[in-house]
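One structure is given below, encoded as structure tokens.
In our numbering, the protein residues as written are 9 to 175.
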């Protein structure tokens with residue numbers, strides 16, 4: 009059903025009035041029996057999409073571009089490994105002070121490492137590798153499979169709570 013006063017035609021007489029608030033109007037359109045878990049999942053997906061398009065590129069795409077460019081420009085700072093399945097940060101201080109902000113990442117190395125962890129990268133010495141090999145020099149098409157994961161997933165907790173499980 010449409011929203012009363014919606015652009016592009018006459019209002020649907022059975023539609024609830026538009027409140028001026030997207031969330032309230034969306035809730036009203038779906039009715040009072042809106043599944044709160046689905047609503048939360050939709051909001052999280054919308055927030056992730058908005059975050060990923062704000063800078064024009066998703067975080068893994070920016071990381072891939074940076075590793076490619078720095079491998080050519082200053083491999084002593086950051087470079088792909090010979091196999092191309094991981095990258096090495098050779099000069100952490102230079103990387104943090106010069107390149108993190110230049111490539112629009114947090115200027116704090118600990119925050120950058122936290123993001124790597126949230127995208128399922130593991131670290132061995134100074135070498136970073138994605139758990140599923142989706143971050144690979146020769147396969148940029150796999151970047152879409154490098155996704156953000158949250159350590160604490162409020163959707164999972166809410167689902168458990170709604171089923172009566174521990175939450």
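C-beta: ideal position from N, C-alpha, C; glycine also.
- Under the criterion of beta carbons closer than 8 Å, residue 79 and residue 67 do not qualify as touching, at roughly 19 Å.
- Ranked by Cα distance from residue 133, the options 81, 108, 76, 95 are led by 95.
- Within a 10 Å sphere around the beta-carbon of residue 157 sit fewer than 16 other beta-carbons, which makes this residue exposed.
- For residue 152, there is no enclosing beta strand (DSSP E), as DSSP marks it with neither H nor E.
- Contact between the region 115-128 and the region 140-156 is present: 3 or more CB-CB pairs across the two stretches fall below 8 Å.
- By the CB criterion at 7 Å, residue 117 and residue 104 fall inside the cutoff.
- Rounded to whole angstroms, residue 144 and residue 119 show a C-alpha spacing of 22 Å.
- Contact between residue 91 and residue 151 does not hold, since the beta-carbon distance rounds to 17 Å and is not under 8 Å.
- Counting along the chain, the unbroken beta strand (DSSP E) around residue 131 starts and ends at 129-132.
- Going by DSSP, residue 95 is part of the beta strand (DSSP E) stretching over 94-97.
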